[in-house]
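Here is the structure we will look at, set down as structure tokens.
Number of protein chains: 2
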Amino acid sequence: MRTLNVELDERSYPIRIGAGLIADPGLILPYLKTRRVAVVTNDVVGPLYLAPFVAGLQAHGLRVTEIVLPDGEAHKDWATLNLIFDGLLGDRCDRSTTLIALGGGVVGDMTGFAAATYQRGVPFIQVPTTLLSQVDSSVGGKTAINHPLGKNMIGAFYQPRLVLADIGVLGTLPDRELKAGLAEVIKYGLIRDLPFLEWLETNIERLLARDPDALVEAVERSCRNKAEVVAADETEQGERATLNLGHTFGHAIETGLGYGEWLHGEAVAAGAVMAADLSRRLGWLSDADVARVRSIHERAGLPVKGAALGAERYLELMAHDKKVSDGTLRLVLLKQIGQAVISAEASQDQIRASIEACC
Amino acid sequence: MRTLNVELDERSYPIRIGAGLIADPGLILPYLKTRRVAVVTNDVVGPLYLAPFVAGLQAHGLRVTEIVLPDGEAHKDWATLNLIFDGLLGDRCDRSTTLIALGGGVVGDMTGFAAATYQRGVPFIQVPTTLLSQVDSSVGGKTAINHPLGKNMIGAFYQPRLVLADIGVLGTLPDRELKAGLAEVIKYGLIRDLPFLEWLETNIERLLARDPDALVEAVERSCRNKAEVVAADETEQGERATLNLGHTFGHAIETGLGYGEWLHGEAVAAGAVMAADLSRRLGWLSDADVARVRSIHERAGLPVKGAALGAERYLELMAHDKKVSDGTLRLVLLKQIGQAVISAEASQDQIRASIEACC
Chain W
1 MRTLNVELDE RSYPIRIGAG LIADPGLILP YLKTRRVAVV TNDVVGPLYL APFVAGLQAH
61 GLRVTEIVLP DGEAHKDWAT LNLIFDGLLG DRCDRSTTLI ALGGGVVGDM TGFAAATYQR
121 GVPFIQVPTT LLSQVDSSVG GKTAINHPLG KNMIGAFYQP RLVLADIGVL GTLPDRELKA
181 GLAEVIKYGL IRDLPFLEWL ETNIERLLAR DPDALVEAVE RSCRNKAEVV AADETEQGER
241 ATLNLGHTFG HAIETGLGYG EWLHGEAVAA GAVMAADLSR RLGWLSDADV ARVRSIHERA
301 GLPVKGAALG AERYLELMAH DKKVSDGTLR LVLLKQIGQA VISAEASQDQ IRASIEACC
Chain E
1001 MRTLNVELDE RSYPIRIGAG LIADPGLILP YLKTRRVAVV TNDVVGPLYL APFVAGLQAH
1061 GLRVTEIVLP DGEAHKDWAT LNLIFDGLLG DRCDRSTTLI ALGGGVVGDM TGFAAATYQR
1121 GVPFIQVPTT LLSQVDSSVG GKTAINHPLG KNMIGAFYQP RLVLADIGVL GTLPDRELKA
1181 GLAEVIKYGL IRDLPFLEWL ETNIERLLAR DPDALVEAVE RSCRNKAEVV AADETEQGER
1241 ATLNLGHTFG HAIETGLGYG EWLHGEAVAA GAVMAADLSR RLGWLSDADV ARVRSIHERA
1301 GLPVKGAALG AERYLELMAH DKKVSDGTLR LVLLKQIGQA VISAEASQDQ IRASIEACC
């Protein structure tokens, strides 16, 4: 088991990475406020892992409330969030109850937001069960639900007390979701860690084959990159926004098609290629650089073209993005491979050209 | 105009208290992040004050989004909160838009919660238009909505950048609401400020007659008391809970009757008398003390008996209270007049006896 500490002053917390962690309640006990916990999962992960996980906690004398949500980004809404509140209030969970998210990014985001807002804040532990959530949402404390007019529009910054990234549970992850997770892994290489990108270019096949050692290495290096960024900029006033490489284009795809058509990582992959293409138009990347960005995503089995929504629809959806500040669209682009910047330099015409070239 | 600073490190903010403040946009301009604001009000306050307030802001070049909610505690729910998000997203308000709450406690609580969670947090200014919201919710950053199973169950701690407490707008406040506000004013005297209670016992008639000087004095001394408590305990780990004198009983009344039957302050008044009666049963207050608590509320035109829900229903509703920690009900009681404590010492039988004696 490896441990990585996310340094956020009094909100600092450890991420433990290894195989078989969810079978060891002893890892969780020191982080509880009282002996009451509520485990939130979904109807795909629940049947696989909920019963043994809860039994392990109960064997240590904990009182456990179980809450099972419908699976999928399409349910990342208020109605589903309210199922968590109904479960907590129905079982009289109080302010000292610790919420544990057992699932992927959607379960983590919703449970985190529920923890941030239930009785104005209760303790929170994350047990991410997808590669995407292990390398992305397990670090940084972003929680949210979607609104019909935009993704992640309602949420909070709220840090967990502990993250358990169990590599073992990735064994049951569908191939498509494993690949979607790799999109965020690749992203860290592109925005700030060229040696990691080179490591990925050597080891991408081992990751696709779910080699445990390679997965532990990829999760740890991803989390370390994200933790460094978040520690420097917890509430996304500056550098943290570079973690959104590909996300503004990607969110347009997800919103334009309706949540759940493309996986988040798939949309981010296509978005990263679009951002690379746009960076080339600004003179920052070469044709070879763009091909390199495209290639690593292709080798990971990810889409490298966006959904055919039409350029105008993309631009309209992107205008709703949270990175719009005072009316100006800011995009995460690449100054070079391994170095992202936040820029408002691209013209509407250049953005339109990149969308058309990459769809 | 008087100014009181709420000291919360980098979240510190001023409260300005005086007559005619909402007619002076110059008080607001220094606290905006950009020239975009969204003013949230309700359909009672809006017709009286929204148009001139917005016109004043527009005259200074601000772009203003107007959002009008249905009035009343019964609408302090997700559906109404969502009207704020709909309005913000529909008008493409971004992360730097400042939300301004123009209204009473419900508008303030909901706008504050919307500000805490819209795009994970946007700046927030409060312009409380009721006595209750000027002396209570304008200090401390508690925001929330109700859930069918409990009041204020979903919310956040989120501080405004500025509060404008305009005594002038209290001129249009219905008598019943003025009196309800006095319940929270009296509370500060009871829990920690005996000289202020004595001042109230001398000046209660001036307050009921809306004497502006008396109102400024009462608002300032109330806010100062609350600010001191909140500065010492922002997230209610300890002393801050004493501000909830009467609230656990009061919430049971509000929930038991359905939100909106009794005004919050009315329920708190009856709850404070119940808490005083229970403090007497624990040997802390004399009969004369309890009579004094009852008398000041009676003189303010407030109820001093709880709603007849039956003691068992009270106990059931109180068990849902946020002050329940790990299964133990903690109540705010009075060690003496002017000194509150948080206590789990009262037995179920004693609580039941106080409910029965005071309904």
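Just so you know, the sequences run in chain order W and E.
When we follow the working numbering, the leftmost residue of the first sequence carries the number 1, and every step to the right adds one.
When we follow the working numbering, the leftmost residue of the second sequence carries the number 1001, and every step to the right adds one.
All C-beta atoms in this analysis are idealised placements derived from N, C-alpha and C, irrespective of residue type, glycine included.
The structure displayed is predicted, hence computed values, not measured ones.
Residue-level contact to chain E via CB, residue i, 9 angstroms cutoff
i: W:R161; result: no
i: W:I342; result: no
i: W:F196; result: no
i: W:F124; result: no
i: W:A319; result: yes
Neighbour list for residue i in chain W, Cβ cutoff strictly below 8 angstroms
i: E:M1153; result: F85, L89, Y118 and Q119
As assigned by DSSP and simplified to three states, the class of residue i
i: W:K33; result: coil
i: W:P366; result: Residue 366 of chain W lies beyond the range of chain W shown here (1 to 359); nothing can be said about it.
i: E:T1255; result: helix
i: W:Q119; result: coil
i: E:A1300; result: coil
i: W:Q237; result: coil
i: W:P128; result: strand
i: W:R292; result: helix
i: W:G155; result: strand
i: W:E220; result: helix
i: E:G1181; result: helix
i: E:P1090; result: Sequence check: residue 1090 of chain E is Gly here, not Pro. In the structure shown, E:G1090 sits in a helix (DSSP, three-state: H, G or I).
i: E:S1343; result: strand
i: W:R16; result: strand
i: W:G26; result: helix
i: W:I337; result: coil
i: E:E1066; result: strand
i: W:K305; result: coil
i: E:K1076; result: coil
i: E:L1164; result: strand
i: W:T328; result: strand
i: W:T143; result: strand
i: E:A1231; result: helix
i: E:L1245; result: coil
i: W:L173; result: coil
i: W:G150; result: strand
Chain E residues whose Cβ lies nearer than 8 angstroms to that of residue i
i: W:A144; result: R1120
Residues that residue i contacts on chain E, provided the C-beta gap is smaller than 7 angstroms
i: W:G150; result: L1089
Neighbour flag for residue i against chain W, beta carbons, 9 angstroms
i: E:R1092; result: yes
i: E:E1236; result: yes
i: E:H1297; result: no
Integer-rounded CB distance, given that residue j should sit under 8 angstroms from residue i
i: W:C223; j: W:V332; result: Actually they are not in contact, since the Cβ atoms of W:C223 and W:V332 sit about 19 angstroms apart, beyond 8 angstroms.
i: W:A231; j: W:V6; result: 7 angstroms
i: E:T1130; j: E:G1181; result: 6 angstroms
i: E:V1127; j: E:I1084; result: Contact doesn't hold; Cβ gap of about 16 angstroms is too wide.
i: W:I28; j: W:A165; result: About 13 angstroms; that fails the 8 angstroms criterion.
i: W:R35; j: W:G61; result: 6 angstroms
i: E:L1334; j: E:S1286; result: The pair is not a contact, with the Cβ atoms about 11 angstroms apart (cut-off 8 angstroms).
i: E:Y1013; j: E:P1123; result: No, E:Y1013 and E:P1123 are not in contact; Cβ-Cβ is about 11 angstroms, not under 8 angstroms.
| task | Taking a Cβ distance cut-off of 8 angstroms, strictly less, list which residues of the region 1076-1089 of chain E are near chain W, in chain order. | result | Along the region 1076-1089 of chain E, the positions whose C-beta sits under 8 angstroms from a C-beta of chain W are W1078, N1082, F1085, D1086 and L1089, read in chain order.
| Between the region 1247-1267 of chain E and chain W, which residues of the former have CB atoms less than 7 angstroms from a CB of the latter, in chain order? | Of all residues in the region 1247-1267 of chain E, none comes within less than 7 angstroms of chain W when Cβ atoms are compared.
| message | Against chain W, which members of the region 1156-1185 of chain E pass a CB distance test of less than 8 angstroms? | response | Answer in chain order: A1156 and F1157.
| task | Report the residues of the region 1052-1066 of chain E with a CB closer than 8 angstroms to any CB of chain W, ordered along the chain. | result | Within the region 1052-1066 of chain E, no residue has a Cβ that lies closer than 8 angstroms to any Cβ of chain W.
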